[in-house]
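Residues in the sequence shown are numbered from 487 upward in steps of one, following our numbering. We treat Cβ as the ideally placed atom computed from N, Cα and C, and that holds for glycine. Bear in mind the structure is a predicted one, so any value in this text is a computation, not a measurement. Since the structure comes first, as C-alpha cells, the remarks are kept for the end.
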Amino acid sequence: MVNFTIETLWKELNFSPNDSQREAILHIDGALYLTAGPGSGKTRVLLWRTLNLIVFYNVSPENILLTTFTEKAAHQLKEGLQSLLGIASNYTGKQYDLGKMFIGTVHSICNKIIGDRRFYENRARGKSVKTIDQLEQYFFLKKNSTWNRILDVADITILEINGFFQKSEPKFPNKHKAIIECIALFNRFSEERLDVEEALNIVDKEETLYSILEMYKEYRSILKENPFYDICDLSLLQYKALEVLEKYEGARKIFQYIIIDEYQDTNSIQEQLYFTLAGNKNICVVGDDDQALYRFRGSTVENFVEFPDRVKKILGENVTKIPLSINYRSKKRIVDFYSSFIEQEDWRKNGNSNSQYRVFDKNIQSNSNDDEVSIIHIDDGNWSEKVAILSKNLIDNNIVKDANQIAFLFPSLTNVNAHRTIEALRNQGLNVYAPRAGRFLEGNEPTEIFGIFARIFGLPNLDDFSGLEFNHFKGWLKHANAIAGGIIENDKILKSFVQDKKKQLEKIVKDYNALLKVIEKNSWKLDDEFNLELMRRKLSEANNLSDEAKIAILSPYLARIVNERERNQKEDSFKLSQIINRATSLDWSILDLFYQITGFKHFKNYFDLAQNEGNEGPICNLSKLTEYLARFMEMYSPILSASFVNEDGFIRLFFSSFLYTIYRLGESEYENQDDPFPKGNIQVLTIHQSKGLEFPVVFMYPKRIESGDQKEEIISKFKKSSGEPLEKIPRFDLMRIFYVGLSRAENLLILPKLEAKGHGKTLVNYINNTLQSVNSQELNSYDYKTLKIGEHSKSNLSKPYSYTTDYLGYERCPRQYMIFRKYGFVPSRSQTMFFGSLVHNTIEDLHQYLISKKEQNEGKR
C-alpha cells in the first residue's frame, strides 16, 4: 500500500482537524486528558483516534474499551466507527471486526466483564448475574414480601421514612414516595461502595439513618438469595464488576486502551472501575465539567476536574492535557454569552485562582467570526405570548425548515411558566412535543390505546383503593374507557374485533375452569407431575371443552416432548399446571394486541401523519408504548394464559399495579435521553433532556429556586474524600444546568430579562449582567426576517446499512421499516422464545391434524 495515511482518509471525508484535534487523534501512549467545550467535535475526535489505533497501530478492537453515558451515544459511536473502518478497508483490504470490542455504556461494559471468561483466573466464572433496571428495581422493592421484610428488619415505618426525607412532617404514610427516596439513597450507597457495617458503627442507633442503613443491608441480602444467580440493580452491577476485576490481577492488563466519553458524569465506583482496568496506563478521558448535570444520579464532577492529580497518584503517570476549545456549533455572540455567564461564579478553592472547582483555562472560542444579532431578550412579563408569536412567524415565513428546529428549554416542566408557554404555542396552532410537561399516560395516544385495552380485558374493581393520587388515576382510567368507547363506535370493524377478543378471553377461562373440575374430580393437584397416559384423555373429555383446547391436549407434538423429558432424567418432568396453561393460552400477547389495534383507521392515521405530513409526535408516543408493554411482558409473563387472566389476576396487575406505577413515576421531570424528538413539533424540553442536542433557535427560561440535595449531606458523612462544599453545590449545579441550556443554541438564543429577587436572584443577575455585556437586542426591536438559518450541518460519515436488515426490510415493507428501524418500535413476539415454539408447535399439530384427516378420507374411500 503506497502512501496510505490517516490524512488520506481525512482528505476523502473532507475533514480538516484543528491543531488540538489533530494532536488528540494522533496521541498514542500515556494518559490523555481532553477538556472539550460545547460543539468542539469531541465525538469525531474519539472516533478518529480509535480508528488510528486500529488501522495504523494494529491494535485489536477487542483490546480497546470505548464507553459513553447513554445507549444512544454508544450506538452512534459504534455506527460511526464501523463507517470509518469500512472506508479504511477499501485501502487496506482488511476487515475490521467490532464484534468483540467493548463499546457501550458503563452498565453494558460491566455486564460484559461479568460474563467474559478473560476476566477470571483459570477462566472460571462465578455465579451469574441478572440485571434489573430502574423500573424493575422499583417493582422489586415495592413487592410486599421484599418491602415488609426490610421494614421489619430495620424496625421502621413508612411514616418515619417519609418524615426523614421530607422537610415537613407527613400526615399520612406514602409507600410510593418512601420507595423512590430509598432507591435513590440505596443507589448512592452502592455507587460510593459504602461499607455498611462501618457506616452502622458511625451512626447513632437512635437515628432514622441507622434504620435506613439496616434496610439497605437487608435489601442487598435479598438480592443474593436466588441459588442460581445474583440480582443486581444498575448501581450494584458496577460494584459486582469491580469485585470481578479485583479478584484477578490479570484483568487489569486486558485492555491496551481505555477511552471514556462524558467523564464528568462518572461516579465514584466508575472511576475505580476505569482506573483498575487501566493497567497499561493508556487511559483517555473526554468531558466538560461545565456540563456535569447528573449529581442526582451519583455523578462526581471532581472525577474529571481532578483527573490529572488522580492519574499521578493512582497510576504514577503524568497526563497529556489537550483542550478542545473551538466551538463549531454556535454563532460568536452565543459562545461569548455562555462563556461569560459561567465565569461570573466564584469557582475558586479558598480564594486561590490556581485551584478551582472547575477547569478554568478552557478559553472557549467560536469558529464563527460573524457578529450578527444572535442574543434576544424580552423585557416585560408577556413572555409566553411574545415567544409564541415569534415562533409562529419563524415557521410561517420558512425561516426555520421544520418546527423541530425550535426548542424551549426549562429547568423543569412542572412549573407554571412552562405550562403557560405550551398553552400559548398551541393557541397559535403550533404542534408541541413536551413529554414531561404532564404525565405520559395522560396523552392522547396512551389514553386511547389503554382505553381499548380496558374495553377488551375489563377494569379491576378500583373501589378497594383510595387516596388523592389513586383517585386521579381512577379518573384517567374511566376517561380512557370512555374515549375508547367513542373510537370503537365509529369503526364497526374495530367494534367486531374488540368483541371477538373478549370472546377469546371468555373461551380460555371457560376451558380453564372445565379442566379444573376434572382435576378436582380426580383429586389431582396443579403441581402434580403430568402423567400422559393417566391424565391426557380425561382432560380432553372435560365438559364443554373447546376444540382448540382438545387439540392442544391431544397434540402428538405434546406427547412426544413429554415422553422425551421423562426419558431425559436431567430435566424436570412437566407439571400438570404447565399442560393446563398450554391448552388455555391465547396465541397473542399484549404487544401483539397493540399492533392489531394500531391497524385500524383511527390509529393508522397517526402513522400516515408521520409519513405524509411530517408530524412525528403521535408515532413517537406510540413507540414509547411498545417499550412499556414489552417491559410488562419481561417482568411478568409474555403469555396470556387463562390462569393469568382468571379472577381478574391480569387486569389487577396490569392496570392497578403496572400502569398505576408508570402513572406515578411520570411525575419525574427527567426524560430518558434516548427518547426521540419528532419532526413537525416545537420541542419543549427540560435542560437535562437537551444535553447533547443542538437547535438553530433556542428559547430558555432560566428560573428555578434550587435547594440542597439531602442525599449529598448523608453521603458526605461516609465519603473519605472531600468534594465541592455542600453549601455551594446547589448554585454550582444550577450554573451548569443553565450553561448547558445556553450552549444548545446555534443561531438564535432568546431569554427573558427577569426581576432578580428571592433565593434565585444571584443567578438571575448573572443572566441579566451577561445580556448587557454581549449587547443583546430587545425582542420588540428585532427583525426576525434577518435571521438566516442554513441547512443543518451533517456528518460526513455515512450511516452503515445492512443489506438484509435495511435494504431488504425496506423493499419488503416500507411502513414496517419506518416503524421498527426509524422510530424504534419494539417488535412483537421478540421478547420470548415461547412464540417461536408456539408457531413450531402449531405447525407440527396442524401437520399431524392434516395427516389424520387424510387418513380418515382415504379410509372412507
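Asked, Found
"Residue(s) in a DSSP beta bridge with I618", "D719"
"Three-way DSSP call (helix, strand, coil) for Y743 in this model", "strand"
"Cβ-heavy atom distance, R925 to the ligand FMN, below 7 Å", "Because no ligand of any kind appears in the structure shown, any question about the ligand FMN cannot be addressed here."
"C-alpha distance - E655 paired with G1166, whole-angstrom precision", "46 Å"
"Of the listed residues K616, T1248 and S1127, nearest to N712 (C-alpha basis)", "K616"
"Secondary structure of S1075, DSSP reduced to three states", "coil"
"Distance CB(E607)-CB(Y734) smaller than 8 Å", "yes"
"Buried/exposed call for F658, threshold 16 Cβ in 10 Å", "exposed"
"Nearest candidate by alpha-carbon position, reference L720, set D602, I644, V592 and L686", "V592"
"Residues near N947 by beta carbon distance below 8 Å, same chain, minus five either side", "D1134"
"Nearest residue (CA-CA) to N855, options L916, L1145, V821 and K987", "V821"
"Burial state of I514 (16 or more Cβ within 10 Å)", "exposed"
"Same chain, Cβ closer than 8 Å to S1071, five either side skipped, listed in chain order", "I994, I1125, L1126, S1127 and A1128"
"Of the residues L680, I665, L1001 and A737, the one placed nearest G765, counting alpha carbons only", "A737"
"Per DSSP, cross-strand counterpart(s) of E1015", "K1061"
"Meets three-Cβ-pair contact criterion under 8 Å: the stretch 1094–1106 and the stretch 1028–1038", "no"
"Any 3 or more C-beta pairs closer than 8 Å across the stretch 820–836 and the stretch 1254–1274", "yes"
"Whether S697 touches D641 by CB criterion (8 Å)", "yes"
"Any alpha helix (DSSP H) of 4 or more consecutive residues that is wholly inside the stretch 959–984", "none"
"DSSP state of N917 mapped onto helix, strand, coil", "coil"
"For K799, the three-state DSSP class (helix, strand or coil)", "helix"
"Inter-residue spacing [alpha-carbon to alpha-carbon] between I573 and I644", "60 Å"
"Where the beta strand (DSSP E) containing K661 begins and where it ends", "K661 -> not in any beta strand (DSSP E); alpha helix (DSSP H) instead, spanning K661 to E677."
"Boundaries (first-last residue) of the alpha helix (DSSP H) holding I850", "Careful: I850 lies outside any alpha helix (DSSP H) and carries neither H nor E."
"Cβ neighbour criterion (16 or more within 10 Å) applied to Q1175", "buried"
"Residue environment, Y1289, which counts as buried when at least 16 other CB atoms sit within 10 Å", "For Y1289, the predicted model reports a pLDDT of 42, less than 50, meaning its position is unreliable; a value from the coordinates is still stated below. With fewer than 16 other Cβ atoms within 10 Å, it is exposed."
"Classification of F714 by the beta-carbon crowding that lies within 10 angstroms, buried from 16 upward", "exposed"
"Same chain, Cβ closer than 8 Å to E1099, neighbours up to 5 away in sequence not counted", "G1166"
"Member of K739, E788 and P1188 whose CA lies at the smallest distance from the CA of Y749", "E788"
"Straight-line Cα distance separating D882 from I1200", "53 Å"
"Residues that DSSP places opposite T553 in a beta bridge", "G590 and I746"
"N1251 in three-state terms, based on DSSP", "helix"
"Entirely enclosed beta strand (DSSP E) segments - the stretch 745–830, minimum 3 residues", "769–773 and 805–810"
"Given 8 Å, three or more beta-carbon pairs between the stretch 1143–1152 and the stretch 1010–1022", "no"
"Bridge partner(s) assigned by DSSP for L1044", "The partner list for L1044 (beta bridge, DSSP) is empty, contrary to what the question assumes."
"Segment contact, 8 Å Cβ cut-off, at least three pairs: the stretch 950–959 with the stretch 1201–1208", "no"
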